[in-house]
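If you read the sequences in order, they're chains L and B.
Our numbering numbers the first residue of the first sequence as 2 and each following residue consecutively.
Our numbering numbers the first residue of the second sequence as -16 and each following residue consecutively.
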Amino acid sequence: MSNNHSIWVVIGLLTLVVFLSRNLFVIFGERFKPKGRLSQALEFAPLAALVAIVVPEFVTAFQAHGTSLAGHVIDGRAFAGLTAIVVGILSRNSLYALVSGTLCYAALTFS
Amino acid sequence: LNGVAVSLGSLLKDPLFKSGFSSVTAGVIGVGIWGVVTTLAMMKSGLSAWECVAMTLLVYSGTAQLAALPLLAVGSPLLAIIATAVLVSLRFVVYSAIIAKHFGHFPLVKRLIIGYLTIDSGLAAYTSKQQSNWNSKQQLSFWAGCNLPVWVFWQVGSLIGILLASFLPTSKAYAFIGLLAILAMTTPLIKSRATFACAIIAATVAIVGYRWPTGVATFTAVVLGVGAAMLFPQNSKETV
């Protein structure tokens, strides 16, 4: 990698940014403790973030194939995702959801 | 060092540690795959094995590591790389407030270690199952069960990625299976009308904000998703 700044400077700064973000409120401890409705609201944040991380991949799949069923069958991502969601909701078990989704993806893409 | 080994041994036997671990089992497999994929991507874009190890150990954030890669590859200014890292890390600021709420009474160094080692899936598992009447030791055991295995699998996955980089072509399949794992972990969290609303709104924001910079879309999804969940009446234990 040939840049004008050292990769080690980048690693150092990334470490600093992530560490400070992770600990911004943690540093204050009990003096700055979210309470009441705010503290309830915060409990929902990881769910929303996980959803937002996953969704763009499926947007990409739908941009590639639109409503073409054959395209999605060959691509496999949309059906694998759907399988994981349905199995996850029905079984309430994330390992079953992961295995069924992966099998569906493998069956469609490697067949 | 001996003391650390002893307390680690008793921690591994703690039923709350085991219960935490079992709630992230599917997650750690996914995190391991993510570790492999992220490191493969870093190796393939020209980082050395030592630079990859340092990234994985110190930064410990797949999204920050992956987001920085394309910018490094084209030689973007340092400020642009840092701005991107800040955006994808905004959700950690929200997490830090959750951690402060649960662990605010711990000593500072312990809090900082907890803050550094808490990741998305581990925090989701912790907040969905923790009991408000737990003492500090119970909290710490359950937290460790939810988060430490993820750290271990991430590091192991990264090492596997370094070893594999010389044999494997980079395939999009690894990345997708890693994403499926996140999806698999997320679905069972949707178990009330509030969590359903939260997921739907977050997904909608992610679709609308598809072309926005990565961190902006994620942060907006968090704010609006949480807002949507708050429109529903909360009974304290049935929430996420």
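Just so you know, even glycine gets a beta-carbon here, dropped at the ideal spot from N, CA and C.
Separation of the CB atoms of residue 109 of chain L and residue 87 of chain L is rounded to 16 Å, and the pair is thereby denied contact status at 8 Å. For residue 22 of chain L, the closest of B:118, B:65 and B:185 by C-alpha to C-alpha distance is B:65.
Scanning chain B for C-beta atoms nearer than 7 Å to the C-beta of residue 49 of chain L yields 181, 185, 204, 205, 208 and 209, reported in chain order. Residues of chain B with a Cβ closer than 8 Å to the Cβ of residue 110 of chain L are, in chain order, 156.
Counting C-beta pairs closer than 8 Å gives fewer than three between the region 91 to 99 of chain B and the region 34 to 50 of chain L, which falls short of the contact rule. Sequence-distant Cβ neighbours of residue 35 of chain B in its own chain, meaning closer than 8 Å and more than five residues away, are 22, 25, 26, 141, 144 and 145.
In the three-state scheme derived from DSSP, where H, G and I count as helix and E and B as strand, residue 36 of chain L is classed as coil. With contacts defined as CB atoms closer than 8 Å, residue 59 of chain L and residue 79 of chain L qualify as a contacting pair. Sequence-ordered contacts of the region 19 to 39 of chain L with chain B read 19, 20, 21, 22, 23, 24, 25, 26, 27, 28, 29, 30, 31, 32, 33, 34, 35, 36, 38 and 39 [C-beta pairs closer than 9 Å].
At the C-beta level, residue 121 of chain B and residue -5 of chain B stay beyond 8 Å of one another.
Shown here for residue 2 of chain B: same chain residues with a beta carbon closer than 8 Å to its own, the five before and five after excluded, namely 112, 125 and 128 in chain order. Using a CB distance below 7 Å, the part of the region 104 to 122 of chain B facing chain L consists of 106, 107 and 110, ordered along the chain. Shown here, residue 25 of chain L sits in coil according to DSSP, grouped into three states, outside any helix or strand. Annotation for residue 202 of chain B: 73 place their beta carbon closer than 6 Å to its own, counting only its chain and skipping 5 residues before and after.
Residue environment analysis places residue 39 of chain L among the exposed positions, since fewer than 16 neighbouring C-beta atoms fall within 10 angstroms of its C-beta. If the five residues before and after residue 19 of chain B are omitted, its C-beta is found closer than 7 Å to the C-beta atoms of 140, 143, 144, 147 and 157, all from its own chain and listed in chain order. Interface flag for residue 74 of chain L against chain B is unset, since no Cβ pair is found closer than 8 Å.
For residue -7 of chain B, the secondary structure class from DSSP, reduced to helix, strand or coil, is helix. Under the three-state reduction of DSSP, residue 148 of chain B is assigned to coil, being neither helix nor strand. For residue 33 of chain B, the enclosing alpha helix (DSSP H) begins and ends at 32 to 37.
According to the DSSP assignment, residue 16 of chain B belongs to the alpha helix (DSSP H) that extends over 8 to 27.
Interface flag for residue 10 of chain B against chain L is set, since a Cβ pair is found closer than 8 Å. Within the region 111 to 192 of chain B, the runs of alpha helix (DSSP H) at least 4 residues long that lie entirely inside it are, in chain order, 119 to 147, 155 to 169 and 176 to 191. Chain order gives the chain B residues near residue 82 of chain L as 163 and 166, where near means a beta carbon separation below 8 Å. Between residue 164 of chain B and residue 9 of chain B a beta carbon distance of about 7 Å is seen, short of the 8 Å cut, so the two are scored as contacting. Listed in chain order, the non-local C-beta contacts of residue 4 of chain B below 7 Å within the same chain comprise 128 and 132, local neighbours out to five positions each way being set aside. Annotation: residue 196 of chain B to residue 57 of chain L spans about 12 Å, alpha carbon to alpha carbon.
For residue 160 of chain B, the CB contacts under 6 Å within the same chain, skipping 5 residues up- and downstream, are 16 in chain order. Take the alpha-carbon of residue 67 of chain B and the one of residue 11 of chain L: they are about 12 Å apart. Residue 150 of chain B is outside the set of residues whose beta carbon lies under 8 Å from a beta carbon in chain L. Taking a beta-carbon distance threshold of 8 Å, residue 63 of chain B does not count as an interface residue toward chain L.
Within a 10 Å sphere around the beta-carbon of residue -14 of chain B sit fewer than 16 other beta-carbons, which makes this residue exposed.
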